[in-house]
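Note that full-length UniProt numbering gives residue 12 to position 12 of the sequence shown, counting from 1, and the numbers run on in steps of one.
The structure appears right after this line, and notes come after that.
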Amino acid sequence: MLDRLSSSQEELHSEELQEETRAVGCTRIKDCSDRQIVSVTGTLRTVTLRPRAGVPALEAELFDGSAALDVVWLGRRSITGIEPGRRIIASGRISMNRGRPVLFNPKYELRPVGQE
Numbered sequence: 001m002l003d004r005l006s007s008s009q010e011e012l013h014s015e016e017l018q019e020e021t022r023a024v025g026c027t028r029i030k031d032c033s034d035r036q037i038v039s040v041t042g043t044l045r046t047v048t049l050r051p052r053a054g055v056p057a058l059e060a061e062l063f064d065g066s067a068a069l070d071v072v073w074l075g076r077r078s079i080t081g082i083e084p085g086r087r088i089i090a091s092g093r094i095s096m097n098r099g100r101p102v103l104f105n106p107k108y109e110l111r112p113v114g115q116e
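Take a look at the structure:
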């Protein structure tokens, strides 16, 4: 109890996200390795439109309390429900881009808003 009182809001949120990751049976982002097929869950921190090689690409940063990864949907300008603060489960093959894990065009599931 004392630990919870002395922890910052960010630390408490990270612990909550890691508990959710275990509860739904997903892989922690910090445990993901290059070319591994994974299912990860977390909160979208940012969502931006950033063209790649002239093709529109919707990019989001997914944070699960242990680490962050980039989720990129090529050829998309927007996706309904993909917005900062939304929790999702994303599945696909991890790629490394400049030392950072990335999921390109993942299968995804929006978590119910009432559970956030």
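Ideal placement from N, C-alpha and C gives every residue a C-beta, glycine not left out.
Run the proximity test for residue i: is its beta-carbon closer than 7 Å to any non-hydrogen atom belonging to the ligand NAD?
| i | result |
| --- | --- |
| Lys107 | You won't find the ligand NAD in this model; it holds no ligand whatsoever. |
Suppose the cutoff is 7 Å on Cβ atoms and the five residues either side in sequence are ignored; what does the same chain contact list for residue i look like?
| i | result |
| --- | --- |
| Tyr108 | Ile88, Ile89, Ala90 |
| Pro106 | Val71, Ala90, Ser91, Gly92 |
Under 6 Å Cβ to Cβ from residue i, same chain only, skipping five residues before and after it: list those, please.
| i | result |
| --- | --- |
| Met96 | Asp34 |
| Leu2 | With a pLDDT of 42 at Leu2, under the threshold of 50, the modelled position of this residue cannot be trusted, and the question is left open. |
| Ile37 | Arg93 |
Using alpha carbons as the reference points, say which of the options lies closest to residue i.
| i | options | result |
| --- | --- | --- |
| Gly85 | Leu44, Arg22, Ser14 | Leu44 |
| Arg111 | His13, Ser8, Pro51, Thr21 | Thr21 |
| Arg50 | Pro106, Thr80, Val72 | Val72 |
Residue range of the beta strand (DSSP E) that residue i falls in?
| i | result |
| --- | --- |
| Val40 | 37-49 |
| Val113 | From DSSP, Val113 is part of no beta strand (DSSP E); its letter is neither H nor E. |
| Arg87 | 87-97 |
Check whether the Cβ atoms of residue i and residue j lie closer than 8 Å to each other.
| i | j | result |
| --- | --- | --- |
| Ser78 | Leu58 | yes |
| Val47 | Ala67 | no |
| Leu17 | Gly54 | no |
| Asp70 | Val24 | no |
| Phe104 | Leu74 | yes |
| Asp64 | Arg28 | yes |
Name the DSSP beta bridge partners of residue i, please?
| i | result |
| --- | --- |
| residue 130 | The shown model of the chain, from 1 to 116, leaves out residue 130, and the question about it has no answer. |
| Lys107 | Ser91 |
| Pro101 | Met96 |
| Arg28 | Its beta-bridge partners do not exist; DSSP assigns none. |
| Ala57 | Leu74 |
Looking at chain D, is there any beta carbon in it that lies within less than 8 Å of the beta carbon of residue i?
| i | result |
| --- | --- |
| Glu83 | Checking the listed chains, one finds no chain D in this structure; it contains a single protein chain. |
Which residues mark the beginning and the end of the alpha helix (DSSP H) in which residue i is found?
| i | result |
| --- | --- |
| Glu10 | 9-24 |
Identify, in the order they occur along the chain, each residue of the same chain with its Cβ nearer than 8 Å to the Cβ of residue i, setting aside the five sequence neighbours on each side.
| i | result |
| --- | --- |
| Asp31 | Ser66 |
| Glu83 | Leu44, Val47 |
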